[in-house]
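Participant: Below you'll find the structure I mean.
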Amino acid sequence: MAIPSGLDAQLMVGEQTDYSTPATVDSGFEFRSESLSLDSQRIESSAFRPGQRVLRSNRWRQSQKSTSGDVTMELATVSMGTWFKHMFGSVSTSQPDATNAASVYEHTFTPGPLKGKNLTVQVGRPDESGTVQPFTYPGCKVSSWTLSSAVGEFATLAVSLVGQDEDTTTSLETASYPADIDLLTFVDGSITIAGSAVDVRSISLEGTNGLATDDYVHGARTRREPTEVGTEGSQARTYTGTIEKYFADLTAYNRFVQGTEAEMVLLYEGTTIEGTFNYAVEVTANVRFDGTTPQVSDTSVLMQSLPIKVIDNGTTSISALYRTTDQTV
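Numbering that gives the first Met the number 0 numbers the first residue of the sequence shown as 0 and each following residue consecutively.
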(Lines of atoms letter the chains of each structure in order from A and count residues from 1; the text may use other names and numbers.)
(Lines give C-alpha, C1' and ligand atoms only; values in the text may rest on other atoms or scores of the structure.)
Protein backbone atom coordinates (compact mmCIF):
# COMPACT_ATOMS: atom_id res chain seq x y z
CA MET A 1 0.00 0.00 0.00
CA ALA A 2 1.25 3.46 -0.86
CA ILE A 3 1.60 6.32 1.60
CA PRO A 4 -1.86 7.96 1.53
CA SER A 5 -0.54 11.44 0.78
CA GLY A 6 1.35 13.38 -1.84
CA LEU A 7 4.56 11.69 -0.67
CA ASP A 8 3.77 8.74 -2.96
CA ALA A 9 2.60 10.79 -5.94
CA GLN A 10 4.41 10.16 -9.20
CA LEU A 11 4.87 11.78 -12.62
CA MET A 12 5.53 9.75 -15.77
CA VAL A 13 5.88 10.99 -19.34
CA GLY A 14 5.95 9.42 -22.81
CA GLU A 15 6.39 10.92 -26.28
CA GLN A 16 3.58 10.36 -28.76
CA THR A 17 4.07 9.48 -32.41
CA ASP A 18 0.92 11.37 -33.38
CA TYR A 19 -1.57 13.62 -31.65
CA SER A 20 -4.47 11.17 -31.52
CA THR A 21 -2.58 8.16 -30.09
CA PRO A 22 -1.52 8.21 -26.42
CA ALA A 23 1.97 6.96 -25.67
CA THR A 24 3.13 4.52 -23.03
CA VAL A 25 4.65 6.67 -20.30
CA ASP A 26 8.19 5.45 -19.71
CA SER A 27 10.15 8.32 -18.12
CA GLY A 28 9.78 9.33 -14.49
CA PHE A 29 10.40 12.84 -13.19
CA GLU A 30 10.71 14.07 -9.65
CA PHE A 31 8.46 17.07 -9.19
CA ARG A 32 7.47 19.68 -6.62
CA SER A 33 3.88 20.26 -7.66
CA GLU A 34 1.38 19.83 -10.47
CA SER A 35 -2.03 21.29 -11.29
CA LEU A 36 -3.19 19.30 -14.33
CA SER A 37 -6.97 19.10 -14.53
CA LEU A 38 -9.93 18.57 -16.84
CA ASP A 39 -12.12 21.40 -18.09
CA SER A 40 -15.46 19.97 -19.25
CA GLN A 41 -17.86 22.58 -20.54
CA ARG A 42 -21.67 22.37 -20.71
CA ILE A 43 -24.26 23.62 -23.17
CA GLU A 44 -27.57 24.72 -21.63
CA SER A 45 -30.73 25.45 -23.59
CA SER A 46 -31.99 29.04 -23.52
CA ALA A 47 -35.38 28.16 -25.03
CA PHE A 48 -38.44 28.39 -22.82
CA ARG A 49 -41.98 26.98 -22.45
CA PRO A 50 -44.87 27.86 -20.13
CA GLY A 51 -44.50 26.76 -16.53
CA GLN A 52 -40.81 25.70 -16.74
CA ARG A 53 -38.76 27.48 -14.07
CA VAL A 54 -35.78 25.10 -13.68
CA LEU A 55 -33.52 23.69 -16.40
CA ARG A 56 -34.68 20.22 -17.42
CA SER A 57 -32.32 17.21 -17.51
CA ASN A 58 -32.73 16.80 -21.28
CA ARG A 59 -31.98 20.45 -21.99
CA TRP A 60 -28.25 20.44 -21.37
CA ARG A 61 -25.38 18.56 -23.04
CA GLN A 62 -21.66 17.92 -22.64
CA SER A 63 -19.60 20.37 -24.70
CA GLN A 64 -15.88 20.99 -25.35
CA LYS A 65 -13.32 19.45 -23.05
CA SER A 66 -9.60 19.94 -22.60
CA THR A 67 -6.88 19.76 -19.98
CA SER A 68 -4.28 22.19 -18.76
CA GLY A 69 -2.02 22.82 -15.81
CA ASP A 70 1.53 23.34 -14.58
CA VAL A 71 4.29 20.99 -13.52
CA THR A 72 7.19 22.33 -11.43
CA MET A 73 10.44 20.37 -11.27
CA GLU A 74 13.95 20.94 -9.97
CA LEU A 75 16.54 21.26 -12.73
CA ALA A 76 18.37 17.95 -13.13
CA THR A 77 21.58 16.89 -14.85
CA VAL A 78 19.95 14.06 -16.83
CA SER A 79 16.59 13.33 -18.48
CA MET A 80 15.45 16.97 -18.82
CA GLY A 81 16.15 17.08 -22.55
CA THR A 82 12.65 15.82 -23.36
CA TRP A 83 11.18 18.92 -21.76
CA PHE A 84 13.61 21.26 -23.54
CA LYS A 85 12.74 19.68 -26.89
CA HIS A 86 9.03 20.26 -26.33
CA MET A 87 9.69 23.78 -25.01
CA PHE A 88 11.73 24.92 -28.02
CA GLY A 89 10.90 22.62 -30.94
CA SER A 90 14.28 22.00 -32.61
CA VAL A 91 17.32 20.12 -31.32
CA SER A 92 20.75 19.17 -32.64
CA THR A 93 22.96 16.65 -30.88
CA SER A 94 26.74 16.34 -30.92
CA GLN A 95 29.66 14.95 -28.95
CA PRO A 96 32.23 17.63 -28.12
CA ASP A 97 35.01 15.03 -27.79
CA ALA A 98 33.89 11.55 -28.79
CA THR A 99 37.41 10.15 -28.42
CA ASN A 100 38.41 11.36 -24.97
CA ALA A 101 34.95 11.92 -23.47
CA ALA A 102 32.72 9.34 -25.11
CA SER A 103 29.97 9.62 -22.51
CA VAL A 104 29.43 13.37 -23.01
CA TYR A 105 26.61 14.60 -25.24
CA GLU A 106 25.52 18.15 -26.01
CA HIS A 107 21.95 18.84 -27.09
CA THR A 108 21.31 22.35 -28.41
CA PHE A 109 17.70 23.54 -28.51
CA THR A 110 16.42 26.43 -30.63
CA PRO A 111 12.96 27.76 -31.52
CA GLY A 112 11.47 25.43 -34.12
CA PRO A 113 8.29 23.62 -35.17
CA LEU A 114 6.12 22.23 -32.38
CA LYS A 115 3.68 20.42 -34.67
CA GLY A 116 3.85 16.69 -34.01
CA LYS A 117 5.56 17.15 -30.66
CA ASN A 118 3.07 15.78 -28.14
CA LEU A 119 3.38 14.12 -24.78
CA THR A 120 1.32 11.73 -22.71
CA VAL A 121 1.62 12.69 -19.06
CA GLN A 122 0.46 10.45 -16.23
CA VAL A 123 0.11 11.70 -12.65
CA GLY A 124 -0.29 9.13 -9.89
CA ARG A 125 -2.37 10.68 -7.10
CA PRO A 126 -2.65 8.67 -3.84
CA ASP A 127 -6.14 8.52 -2.35
CA GLU A 128 -6.97 8.24 1.34
CA SER A 129 -6.87 4.44 1.26
CA GLY A 130 -3.30 4.40 -0.05
CA THR A 131 -4.25 3.50 -3.63
CA VAL A 132 -2.36 5.57 -6.21
CA GLN A 133 -4.98 6.61 -8.75
CA PRO A 134 -3.66 7.17 -12.30
CA PHE A 135 -4.73 10.31 -14.16
CA THR A 136 -3.47 10.20 -17.74
CA TYR A 137 -3.29 13.24 -20.02
CA PRO A 138 -2.71 12.53 -23.73
CA GLY A 139 -1.93 15.14 -26.37
CA CYS A 140 0.01 17.49 -24.09
CA LYS A 141 2.02 20.38 -25.51
CA VAL A 142 4.17 22.92 -23.69
CA SER A 143 2.37 26.24 -24.00
CA SER A 144 4.82 28.16 -21.81
CA TRP A 145 7.69 27.57 -19.42
CA THR A 146 9.78 29.26 -16.73
CA LEU A 147 13.41 28.58 -15.82
CA SER A 148 14.38 30.27 -12.57
CA SER A 149 16.75 30.30 -9.63
CA ALA A 150 17.39 32.37 -6.53
CA VAL A 151 19.96 32.48 -3.75
CA GLY A 152 19.47 29.57 -1.35
CA GLU A 153 17.42 27.47 -3.76
CA PHE A 154 17.58 24.76 -6.39
CA ALA A 155 17.13 25.90 -9.96
CA THR A 156 13.62 25.04 -11.14
CA LEU A 157 11.85 24.40 -14.41
CA ALA A 158 8.09 24.92 -14.56
CA VAL A 159 6.15 23.92 -17.68
CA SER A 160 2.57 24.90 -18.49
CA LEU A 161 0.80 22.19 -20.47
CA VAL A 162 -2.30 22.11 -22.61
CA GLY A 163 -3.73 18.66 -23.30
CA GLN A 164 -6.47 16.80 -25.09
CA ASP A 165 -8.24 14.80 -22.39
CA GLU A 166 -8.11 13.25 -18.92
CA ASP A 167 -8.35 9.48 -18.48
CA THR A 168 -8.53 7.38 -15.31
CA THR A 169 -8.84 3.95 -16.98
CA THR A 170 -5.21 3.60 -18.12
CA SER A 171 -3.19 1.51 -15.68
CA LEU A 172 -0.64 3.16 -13.44
CA GLU A 173 2.87 2.68 -14.79
CA THR A 174 5.65 1.77 -12.41
CA ALA A 175 7.69 4.87 -11.64
CA SER A 176 11.31 4.67 -12.79
CA TYR A 177 14.10 7.24 -12.64
CA PRO A 178 17.67 7.60 -13.95
CA ALA A 179 20.24 6.14 -11.58
CA ASP A 180 22.75 8.99 -11.88
CA ILE A 181 20.40 11.96 -11.54
CA ASP A 182 21.71 15.06 -9.75
CA LEU A 183 20.32 18.56 -9.22
CA LEU A 184 21.56 22.06 -10.02
CA THR A 185 21.43 24.94 -7.53
CA PHE A 186 22.09 28.69 -7.48
CA VAL A 187 25.69 27.86 -6.48
CA ASP A 188 26.11 26.19 -9.87
CA GLY A 189 24.69 29.24 -11.62
CA SER A 190 26.35 32.26 -13.20
CA ILE A 191 25.30 35.02 -15.57
CA THR A 192 27.29 37.12 -18.02
CA ILE A 193 26.00 40.11 -19.98
CA ALA A 194 28.03 41.31 -22.94
CA GLY A 195 30.81 39.01 -21.76
CA SER A 196 31.04 40.44 -18.24
CA ALA A 197 30.04 38.56 -15.08
CA VAL A 198 27.06 39.99 -13.18
CA ASP A 199 26.33 39.50 -9.47
CA VAL A 200 22.73 38.27 -9.45
CA ARG A 201 20.37 37.45 -6.59
CA SER A 202 17.69 35.82 -8.76
CA ILE A 203 16.69 35.29 -12.36
CA SER A 204 13.51 34.15 -14.05
CA LEU A 205 13.30 33.42 -17.77
CA GLU A 206 9.92 32.68 -19.37
CA GLY A 207 9.02 31.39 -22.83
CA THR A 208 5.55 31.52 -24.41
CA ASN A 209 4.85 29.40 -27.48
CA GLY A 210 1.72 31.17 -28.73
CA LEU A 211 -0.45 28.05 -29.13
CA ALA A 212 -4.10 28.26 -30.17
CA THR A 213 -6.23 26.49 -27.58
CA ASP A 214 -9.71 27.03 -29.05
CA ASP A 215 -9.48 24.87 -32.18
CA TYR A 216 -12.62 22.71 -32.02
CA VAL A 217 -14.69 21.25 -34.88
CA HIS A 218 -18.06 19.57 -35.31
CA GLY A 219 -18.22 15.93 -34.29
CA ALA A 220 -15.66 15.99 -31.47
CA ARG A 221 -15.54 17.23 -27.89
CA THR A 222 -11.73 17.37 -27.78
CA ARG A 223 -9.73 20.02 -29.62
CA ARG A 224 -7.43 19.48 -32.55
CA GLU A 225 -3.66 19.66 -32.09
CA PRO A 226 -2.88 23.24 -31.02
CA THR A 227 -0.92 25.21 -33.59
CA GLU A 228 1.24 28.31 -33.28
CA VAL A 229 -0.70 31.52 -33.86
CA GLY A 230 1.60 33.99 -32.11
CA THR A 231 1.46 35.94 -28.90
CA GLU A 232 2.10 39.59 -29.74
CA GLY A 233 1.34 40.66 -33.30
CA SER A 234 3.83 39.03 -35.65
CA GLN A 235 5.76 37.36 -32.83
CA ALA A 236 5.08 33.62 -32.81
CA ARG A 237 7.12 33.19 -29.63
CA THR A 238 8.04 35.56 -26.83
CA TYR A 239 10.84 35.12 -24.31
CA THR A 240 11.02 37.50 -21.38
CA GLY A 241 12.52 37.54 -17.93
CA THR A 242 13.67 39.46 -14.91
CA ILE A 243 17.14 39.69 -13.40
CA GLU A 244 17.52 40.93 -9.83
CA LYS A 245 21.06 42.22 -9.38
CA TYR A 246 23.07 44.53 -7.23
CA PHE A 247 23.29 48.13 -8.41
CA ALA A 248 26.98 47.98 -9.31
CA ASP A 249 27.22 50.97 -11.67
CA LEU A 250 25.36 52.65 -14.54
CA THR A 251 26.16 50.01 -17.16
CA ALA A 252 22.83 48.16 -17.00
CA TYR A 253 20.88 51.40 -16.55
CA ASN A 254 22.50 52.92 -19.65
CA ARG A 255 21.55 49.89 -21.72
CA PHE A 256 17.94 50.45 -20.68
CA VAL A 257 18.01 54.19 -21.40
CA GLN A 258 19.88 53.89 -24.70
CA GLY A 259 17.99 50.82 -25.94
CA THR A 260 21.14 48.76 -26.28
CA GLU A 261 20.86 45.01 -26.84
CA ALA A 262 23.45 42.58 -25.46
CA GLU A 263 24.17 38.87 -25.24
CA MET A 264 23.15 37.21 -21.97
CA VAL A 265 24.47 33.79 -20.98
CA LEU A 266 22.83 31.93 -18.09
CA LEU A 267 24.90 28.91 -17.07
CA TYR A 268 24.27 26.17 -14.53
CA GLU A 269 27.33 23.91 -14.35
CA GLY A 270 27.36 20.75 -12.29
CA THR A 271 29.86 18.02 -11.53
CA THR A 272 32.33 16.49 -13.96
CA ILE A 273 31.05 13.95 -16.46
CA GLU A 274 34.33 13.00 -18.07
CA GLY A 275 37.58 14.77 -18.90
CA THR A 276 37.08 18.54 -18.85
CA PHE A 277 33.31 18.37 -19.42
CA ASN A 278 30.74 19.06 -16.72
CA TYR A 279 26.99 18.60 -16.66
CA ALA A 280 25.48 21.90 -17.75
CA VAL A 281 22.44 23.88 -18.79
CA GLU A 282 23.44 27.00 -20.72
CA VAL A 283 20.97 29.50 -22.15
CA THR A 284 22.33 32.07 -24.59
CA ALA A 285 20.11 34.93 -25.72
CA ASN A 286 20.29 38.35 -27.32
CA VAL A 287 18.25 40.55 -24.99
CA ARG A 288 16.78 44.03 -24.76
CA PHE A 289 16.68 45.73 -21.35
CA ASP A 290 13.31 47.24 -20.44
CA GLY A 291 14.15 48.88 -17.10
CA THR A 292 14.41 49.96 -14.42
CA THR A 293 15.76 52.95 -12.48
CA PRO A 294 17.33 51.81 -9.17
CA GLN A 295 15.59 53.28 -6.13
CA VAL A 296 16.23 53.64 -2.41
CA SER A 297 13.62 51.91 -0.23
CA ASP A 298 15.61 51.60 3.03
CA THR A 299 19.20 51.43 4.26
CA SER A 300 19.94 48.13 2.46
CA VAL A 301 22.37 47.76 -0.41
CA LEU A 302 20.62 48.98 -3.55
CA MET A 303 19.24 46.37 -5.92
CA GLN A 304 18.35 46.76 -9.58
CA SER A 305 15.58 44.93 -11.39
CA LEU A 306 16.27 44.25 -15.07
CA PRO A 307 13.24 43.19 -17.10
CA ILE A 308 14.52 41.66 -20.34
CA LYS A 309 13.08 40.51 -23.64
CA VAL A 310 14.76 38.24 -26.19
CA ILE A 311 15.25 39.91 -29.58
CA ASP A 312 16.41 38.20 -32.77
CA ASN A 313 19.29 40.28 -34.13
CA GLY A 314 19.69 38.14 -37.23
CA THR A 315 22.46 36.06 -35.67
CA THR A 316 21.19 35.18 -32.19
CA SER A 317 17.79 34.95 -30.59
CA ILE A 318 17.82 32.21 -27.96
CA SER A 319 19.27 28.73 -27.56
CA ALA A 320 19.67 26.28 -24.71
CA LEU A 321 22.54 23.80 -24.47
CA TYR A 322 22.10 20.71 -22.31
CA ARG A 323 25.36 18.85 -21.60
CA THR A 324 24.63 15.43 -20.16
CA THR A 325 25.17 11.69 -20.51
CA ASP A 326 21.82 11.22 -22.28
CA GLN A 327 22.59 10.12 -25.83
CA THR A 328 19.19 11.16 -27.16
CA VAL A 329 16.36 13.43 -26.07
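C-beta atoms are modelled at their ideal positions from N, C-alpha and C, and glycine is treated no differently.
If we ignore side chains and look at the alpha-carbon of each, how far apart do T98 and D325 end up?
Facilitator: 17 Å
Participant: Give the DSSP-derived three-state secondary structure of S285 in the structure shown.
Facilitator: The amino acid occupying residue 285 in the given sequence is Asn; Ser does not appear at that position. N285 falls in the strand class under three-state DSSP.
Participant: Is M86 helix, strand or coil by DSSP?
Facilitator: helix
Participant: Shortest alpha-carbon distance to S316 belongs to which of A251, N285 and M263?
Facilitator: N285
Participant: Alpha carbon to alpha carbon, how far is T347 from L320?
Facilitator: Because the chain spans 0 through 328 in this model, residue 347 falls outside it and cannot be assessed.
Participant: To the nearest angstrom, how far is it from the Cα of E172 to the Cα of P137?
Facilitator: The alpha-carbon of E172 is positioned some 14 Å away from that of P137.
Participant: For T66, I'd like the list of residues in its chain whose CB is within less than 8 Å of its CB, leaving aside the five on either flank, ordered along the chain.
Facilitator: L35, S36, L37, D38, Y136, C139, L160, V161, G162, Q163, D164 and E165
Participant: Taking all protein chains shown into account, do 16 or more other C-beta atoms lie within 10 angstroms of the C-beta of E33, making it buried, or fewer, making it exposed?
Facilitator: buried
Participant: What residue range does the alpha helix (DSSP H) around A319 cover?
Facilitator: From DSSP, A319 is part of no alpha helix (DSSP H) but of the beta strand (DSSP E) over I317 to T323.
Participant: Checking 8 Å against the spacing of the C-beta atoms, do L266 and E281 come in under that value?
Facilitator: yes
Participant: Just curious, the beta strand (DSSP E) that T250 is in, first and last residue?
Facilitator: From DSSP, T250 is part of no beta strand (DSSP E) but of the alpha helix (DSSP H) over T250 to Q257.
Participant: Look at M94 and Q63 and say whether their C-beta atoms are less than 8 Å apart.
Facilitator: Here residue 94 turns out to be Gln, not Met, going by the sequence shown. No.
Participant: Quick check: T270 and G80, are their CB atoms within less than 8 Å of each other?
Facilitator: It is not a contact, given that the beta carbons lie outside the stated cut-off.
Participant: Can you tell me whether DSSP reads F276 as helix, strand or coil?
Facilitator: F276 sits in a strand when the DSSP states are folded into three classes.
Participant: Can you check which of these residues, F87, S26 and G13, is closest to S318 by C-alpha distance?
Facilitator: Of the listed residues, the one whose Cα sits closest to S318 is F87.
Participant: Would you call the stretch 8 to 24 and the stretch 142 to 154 touching, i.e. three or more CB-CB distances under 8 Å?
Facilitator: no
Participant: For Q9, which residues of its own chain have a beta-carbon under 6 Å away from its beta-carbon, when the five flanking residues on both sides are left out?
Facilitator: G123 and A174
Participant: My assumption, with CB atoms under 8 Å, is that T226 sits in contact with K114. Please give the rounded CB distance.
Facilitator: 7 Å
Participant: Relative to the alpha-carbon of T76, which residue among A193, S203, I272 and S304 has its alpha-carbon at the smallest distance?
Facilitator: I272
Participant: Excluding the 5 residues preceding and the 5 following A261 in the sequence, name in chain order all residues of the same chain whose CB lies nearer than 8 Å to its CB.
Facilitator: I192, A193, R254, N285, V286 and F288
Participant: What is the rounded straight-line gap between the Cα of V199 and the Cα of H217?
Facilitator: Those two C-alpha atoms are separated by around 52 Å.
Participant: Please tell me whether E127 and P3 are closer than 8 Å, where the distance is taken between their beta carbons.
Facilitator: The answer is yes: Cβ separation under 8 Å.
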